[in-house]
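Residue numbers (this note's numbering): 133 to 486. Below: the structure, in structure tokens.
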Amino acid sequence: AKSSLCCNNSLSTMSRKRTAHEMEELHNDEEKEIEELYEQIQIEESICLDTRKFDLLIQLLRDLNKTIKRLSLDGEDLELDHTNTVVRLIEALELRSLELEELDLWHFKTNNEAVRAISNFVKTSSLCTLHLESCEIDAAGAFLIGESLQTNTSIKNLRLDDNKIGDDGAIALADALHHLEELDLRYNNIGFEGAAALANFLQVNSTLSSLSLSYNNIQDKGAVAIAEALSMNYSSKMHRLALMSNGIGNLGAIALARALKKKNMPLKELWLGYNRVGNAGACALANSLKVNKMLNKIYLDGNKIGNPGVRSLLGALEMNSSIDSLDLDENHCDDQLIDSVESIIKKKERKRMR
Numbered sequence: 133a134k135s136s137l138c139c140n141n142s143l144s145t146m147s148r149k150r151t152a153h154e155m156e157e158l159h160n161d162e163e164k165e166i167e168e169l170y171e172q173i174q175i176e177e178s179i180c181l182d183t184r185k186f187d188l189l190i191q192l193l194r195d196l197n198k199t200i201k202r203l204s205l206d207g208e209d210l211e212l213d214h215t216n217t218v219v220r221l222i223e224a225l226e227l228r229s230l231e232l233e234e235l236d237l238w239h240f241k242t243n244n245e246a247v248r249a250i251s252n253f254v255k256t257s258s259l260c261t262l263h264l265e266s267c268e269i270d271a272a273g274a275f276l277i278g279e280s281l282q283t284n285t286s287i288k289n290l291r292l293d294d295n296k297i298g299d300d301g302a303i304a305l306a307d308a309l310h311h312l313e314e315l316d317l318r319y320n321n322i323g324f325e326g327a328a329a330l331a332n333f334l335q336v337n338s339t340l341s342s343l344s345l346s347y348n349n350i351q352d353k354g355a356v357a358i359a360e361a362l363s364m365n366y367s368s369k370m371h372r373l374a375l376m377s378n379g380i381g382n383l384g385a386i387a388l389a390r391a392l393k394k395k396n397m398p399l400k401e402l403w404l405g406y407n408r409v410g411n412a413g414a415c416a417l418a419n420s421l422k423v424n425k426m427l428n429k430i431y432l433d434g435n436k437i438g439n440p441g442v443r444s445l446l447g448a449l450e451m452n453s454s455i456d457s458l459d460l461d462e463n464h465c466d467d468q469l470i471d472s473v474e475s476i477i478k479k480k481e482r483k484r485m486r
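And the structure:
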């Protein structure tokens, strides 16, 4: 019996040692995974999360010995509840509110509870860049983000593309954007009312350099409102304006052409692809290019411009030395005219390279 007891004790000791060894190995494996994730965060554009990676990320964020200034996460493949996930993530990020400079969240199915958590974090953070792409943010969520921007003036780049903020969301944001330098609101179902609110903001703003409203529905009226706002603002810093696929026709293009004639208009890039601009709009833009020496790039692909409009633009291109890109693909004109435009652009490029 005594021999049997000794044998059992020996086996128990060996089992404990084996269990301790296995646990140590698991801990070492986990530490290695966390280190690999940290390296990924430093070098990769975005981290695609799954349940395991999210748990490792929470542990990593609690280790304040590792500096994280930029965090870009894609939640499309994450099977966890997205609202709870975002709330847990923000709680872990609270320890780094003065360290993190950029936060990018892609494809998180958020509700207002999650957006409120993000908003509260933004208020006390030192973020310079906030990207919330394809996160199902609605007008109420846009209002919460606007509130946080009233408090946090360090954010310069705000990207809310592919959400559903609509006109009400654009109106809610418009009063809180005064310190931004870049704003991306593509794919948000914004119409004229939202565009008009943003135009009121543009009329007095002196910081925004890039605005993207592409793939919305602002129509001619929205384009006219934005053009008139830029015309009236002599302290505008707007360098890039993207209004692709917005149902903009000749009236909107003519209004933008008038704005381009304004003295010292700072705009360098104008994106009007896949709208309804025809010959009248193209001719108005061509006339503006004869006097505007700031614009470098103009994109008019996928419109309804025929031979007369392209000929006008071709003539303006020959006179204007600052234009280095003019895209007229997929219009209603002869291929030979497009070839002529491309030939002039190439000649200018060779001349610049000398």
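Yeah, the Cβ is synthetic: ideal placement off N, Cα and C, and Gly gets one too.
Go through its chain and collect everything with a Cβ distance to residue i's Cβ below 8 Å, but skip five positions before and after it.
i: Arg443; result: Leu469
i: His214; result: Gly207, Phe240, Lys241, Thr242 and Ala246
i: Ser472; result: Leu446
i: Trp238; result: Ser178, Ser204, Leu205, Asp206, Gly207, Glu208, His263, Glu265, Ser266 and Cys267
i: Leu212; result: Thr183 and Phe186
Please classify residue i as buried or exposed, where buried requires at least 16 neighbouring CB atoms within 10 angstroms.
i: Ile430; result: buried
i: Thr217; result: buried
i: Lys134; result: Unreliable positioning characterises Lys134 in this predicted model, as indicated by a pLDDT of 48, which lies under 50. A coordinate reading is not provided.
i: Asn197; result: exposed
i: Arg248; result: buried
i: Gln351; result: buried
i: Ser257; result: buried
i: Arg482; result: exposed
i: Lys394; result: buried
i: Met485; result: exposed
i: Tyr406; result: buried
i: Glu265; result: buried
i: Val356; result: buried
i: Asp466; result: exposed
i: Leu227; result: exposed
i: Ser367; result: exposed
i: Ile175; result: exposed
i: Asn382; result: buried
i: Ser344; result: buried
i: Asn396; result: exposed
i: Ser475; result: exposed
i: Asp316; result: buried
Terminal residues of the continuous alpha helix (DSSP H) containing residue i?
i: Ala359; result: Gln351 to Met364
i: Lys479; result: Asp467 to Met485
i: Lys255; result: Asn244 to Thr256
i: Ala308; result: Counting along the chain, Ala308 falls outside any alpha helix (DSSP H), and DSSP gives it neither H nor E.
i: Val280; result: First, the residue type needs correcting, since residue 280 is Ser and not Val in the sequence shown. Segment Ala271 to Thr283, the alpha helix (DSSP H) holding Ser280.
i: Leu196; result: Where Leu196 is concerned, there is no enclosing alpha helix (DSSP H), given that its DSSP letter is neither H nor E.
i: Leu421; result: Asn411 to Leu421
i: Glu176; result: Premise fails: Glu176 is in no alpha helix (DSSP H) and is neither H nor E.
i: Leu392; result: Asn382 to Leu392
Whose C-beta lies closer than 7 Å to the C-beta of residue i among residues of the same chain, with five residues either side of it excluded?
i: Lys369; result: Ser338, Thr339, Leu340, Ser341 and Pro398
i: Tyr319; result: Asp293, Asp294 and Tyr347
i: Ser454; result: Lys425, Met426, Leu427 and Asn428
i: Gln191; result: Ile166
i: Phe324; result: Ile350, Gln351, Lys353 and Gly354
i: Arg220; result: Ile190
i: Gly384; result: Asp352, Ala355 and Val356
If I'm right that residue i touches residue j with Cβ under 8 Å, what's the distance once you round it to whole angstroms?
i: Asp236; j: Leu205; result: 7 Å
i: Phe253; j: Ser286; result: The pair is not a contact, with the Cβ atoms about 13 Å apart (cut-off 8 Å).
i: Ala308; j: Leu281; result: 4 Å
i: Leu460; j: Ile437; result: 7 Å
i: Trp403; j: Leu373; result: 7 Å
i: Asn456; j: Lys480; result: Rather than Asn, the amino acid found at residue 456 in this sequence is Asp. That pair is a contact at about 6 Å.
i: Leu169; j: Ile200; result: With 8 Å as the limit, Leu169 and Ile200 do not qualify as a contact, their Cβ atoms being about 11 Å apart.
i: Ala361; j: Gln335; result: 4 Å
Which residue marks the beginning of the beta strand (DSSP E) containing residue i, and which one marks its end?
i: Asp459; result: Ser457 to Asp459
i: His263; result: Thr261 to Glu265
i: Asn452; result: From DSSP, Asn452 is part of no beta strand (DSSP E); its letter is neither H nor E.
i: Ser204; result: Arg202 to Asp206
i: Glu401; result: Glu401 to Trp403
i: Asn289; result: Asn289 to Arg291
i: Asp236; result: Glu234 to Trp238
i: Arg372; result: Arg372 to Ala374
i: Ile430; result: Lys429 to Tyr431
i: Ser344; result: Ser342 to Ser344
i: Leu315; result: Glu314 to Asp316
Excluding sequence positions up to five away, which residues of its chain have a Cβ less than 6 Å from the Cβ of residue i?
i: Ser363; result: Ala391 and Lys394
i: Thr261; result: Glu234 and Asn289
i: Asn452; result: Leu421
i: Ala328; result: Ala357
i: Ala271; result: Ile297, Gly298, Asp300 and Gly301
i: His464; result: Lys436 and Gly438
i: Leu388; result: Ala359
Closer than 7 Å: is that where the CB of residue i sits relative to any heavy atom of the ligand GDP?
i: Asp293; result: No copy of the ligand GDP occurs in the structure displayed, which carries no ligand at all.
Looking at the C-beta of residue i, does it have a partner C-beta in chain B at a distance below 8 Å?
i: Met364; result: In the structure shown, chain B does not exist; there is a single protein chain.
Check: On the three-pair Cβ rule with 8 Å, is the region 413 to 423 touching the region 440 to 457?
Finding: yes
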